[in-house]
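Protein chains: 2
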Amino acid sequence: MDRSHFGQHSSSQFNEEMESIRSHLMEMGGLVEKQVIDALQALLQADSQLADKVLETEDRVDDMEKLIDEECASVLALRQPAASDLRMVIAVTKCVSDLERIGDESAKIARMAVQLTEEGESPRGYVEVRHIGNHVRQMLRDALDAFARFDADKAVEVAAEDNEVDLEYRSAMRSLVTFMMEDPRSITRVLNIIWSLRALERIGDHSRNIAEQLIYLVKGKDVRHIPVAEIQEQVSGKS
Amino acid sequence: MDRSHFGQHSSSQFNEEMESIRSHLMEMGGLVEKQVIDALQALLQADSQLADKVLETEDRVDDMEKLIDEECASVLALRQPAASDLRMVIAVTKCVSDLERIGDESAKIARMAVQLTEEGESPRGYVEVRHIGNHVRQMLRDALDAFARFDADKAVEVAAEDNEVDLEYRSAMRSLVTFMMEDPRSITRVLNIIWSLRALERIGDHSRNIAEQLIYLVKGKDVRHIPVAEIQEQVSGKS
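Shown next, in the form of structure tokens:
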């Protein structure tokens, strides 16, 4: 295959294209992280204006997803990246889907915030939302940090955090269900809190997916669907 | 770039590799479709043995995801596919994630089936599950059919069906919430039905994603995040 038509700057152009993909992913990550933070705050402080802001960002996130996927397809078609460059493109293609879905889940939380604000807010269940929300927010930040710094160890931590969030989520669900049974008039409102928690738990899952893609990128190992202890072993190179 | 080391059978080997990716995706699709069907039946007929079967299939689905992604990465690295072959590889990489998540959602339904069976079944809410379940099952089948036959028109139909499922889902949720309020003792059981409906709605979303990837593959157009009417226009080539 003849690459001469790329001209003498082919290699530096290629590097620029890879850098553009990477920086767009980081930009999309920042946008989505802001959505999560704002959606949580909108919910906890009954701020429907802030919730609207989250919903308005959805289109930009969707556009970023398309843009980055287009850049990846173009690099694959024209540059035939190899080794770690190829893994970067594959990992980014997977990550944009997860980021877009995190944006979706944030929008769900924002819509709950609007509803709860209209119905008059009440603090029941908010302790759990605040706690799990902060945890998940940190997971997403760590996953994005890990990606920015190619830090596989940090990515392993994110996977471990996801297990904790799942436990917290299950315990919160139990107490919310108990609360509904004790006070059936609260059912609709508590269900909105439950949906928000569910969305947060999903954001945790997607953050873990991003972390797993970073491990694939750095270590060349597919660590999906295996326990955290095994991921740890694979990353530290014992297997 | 020198491709001569692939030898004289390079092209037919390449075709074989592409065919292997395609047929593995179809195999994974069949596996996941069976999971959806079995999970629904397990729930509707309170059959916990069948539910266990769904859960046992999870590992095989996860393995298929890894295998197909590996095949795609290998083709990208060694064969530098172009044009529609490249779009095929990209589309498959996206679709395996959706299929794996459909498997996940089926497993959730199966776990609800086990719980509901233990608690003694009751038909309330099952009408909705059966109706939406059948609809979503058909969507998944159509999405896979569209993929098998490169049928972009059928893929457009799947996207349109997804909108209907969303409406049905919202209406079912309203009646289930009303039922919980009327009979608070049913809260736990109705919540399990609600989770199952939620899982079905998500399966509908993922089926739509698969259909959108097929449109990208056949038409080279990214139709994510746009209304069905616009997808229709793009597929019929009016824009």
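Chains as they are written, first to last, in our numbering: chain A, 1 to 239; chain B, 240 to 478.
Beta carbons: idealized from backbone N, C-alpha and C, even for Gly.
Note that the coordinates shown come from a computational prediction; the quantities given were computed from them, not determined experimentally.
- The residues Met267, Leu270, Val271, Gln274, Leu338, Glu339, Gly342, in chain order, have a CB closer than 8 Å to that of Val300 of chain B in the same chain once the five nearest residues on each side in sequence are set aside.
- A check of alpha carbon separations from Ala148 of chain A across A:Ser12, A:Glu17, A:Ile21 identifies A:Ile21 as the nearest.
- Within the same chain, Arg124, Gly125, Leu176, Phe179, Met180 come within 8 Å of Val190 of chain A by CB-CB distance, once the 5 residues on both sides are set aside.
- Non-local C-beta neighbours of Asp142 of chain A in its own chain, meaning closer than 7 Å and more than five positions away in sequence, comprise Lys154, Glu157, Val158, ordered along the chain.
- For Val368 of chain B, the enclosing alpha helix (DSSP H) begins and ends at 365-388.
- His131 of chain A and Thr117 of chain A have their C-alpha atoms some 20 Å from each other.
- Taking 7 Å as the upper bound on Cβ-Cβ separation, chain B lies near residues Val177, Met180, Met181, Pro184, Ile187, Thr188, Leu191 of the segment 174-207 of chain A.
- From the listed residues A:Val75, A:Val89, A:Ala82, A:Ser84, the smallest Cα separation to Ala322 of chain B is found for A:Val75.
- Annotation: the continuous alpha helix (DSSP H) that includes Ser446 of chain B extends over 426-458.
- Within the segment 38-103 of chain A, the runs of alpha helix (DSSP H) that reach at least 4 residues and sit entirely inside it are, in chain order, 48-79.
- Along the segment 17-46 of chain A, none of the residues has a CB nearer than 7 Å to a CB of chain B.
- A Cβ-Cβ separation of about 12 Å leaves Ala46 of chain A out of contact with Ala110 of chain A under the 8 Å criterion.
- Nearest neighbour of Gln213 of chain A by Cα position, chosen from A:Gln13, A:Asp59, A:Val89, A:Leu44, turns out to be A:Val89.
- When DSSP states are grouped into helix, strand and coil, Asp162 of chain A belongs to the helix group.
- C-alpha of Lys458 of chain B to C-alpha of Ala385 of chain B: approximately 13 Å in a straight line.
- What Arg299 of chain B touches in chain A, judged by beta-carbon distance under 9 Å, is nothing: the nearest beta carbon there is about 11 Å away.
- Counted as a single uninterrupted DSSP element, the stretch harbouring Glu358 of chain B is not any alpha helix (DSSP H), since DSSP gives it neither H nor E.
- Judged by their CB atoms, Asp222 of chain A and Asp308 of chain B are nearer to each other than the 8 Å cut-off.
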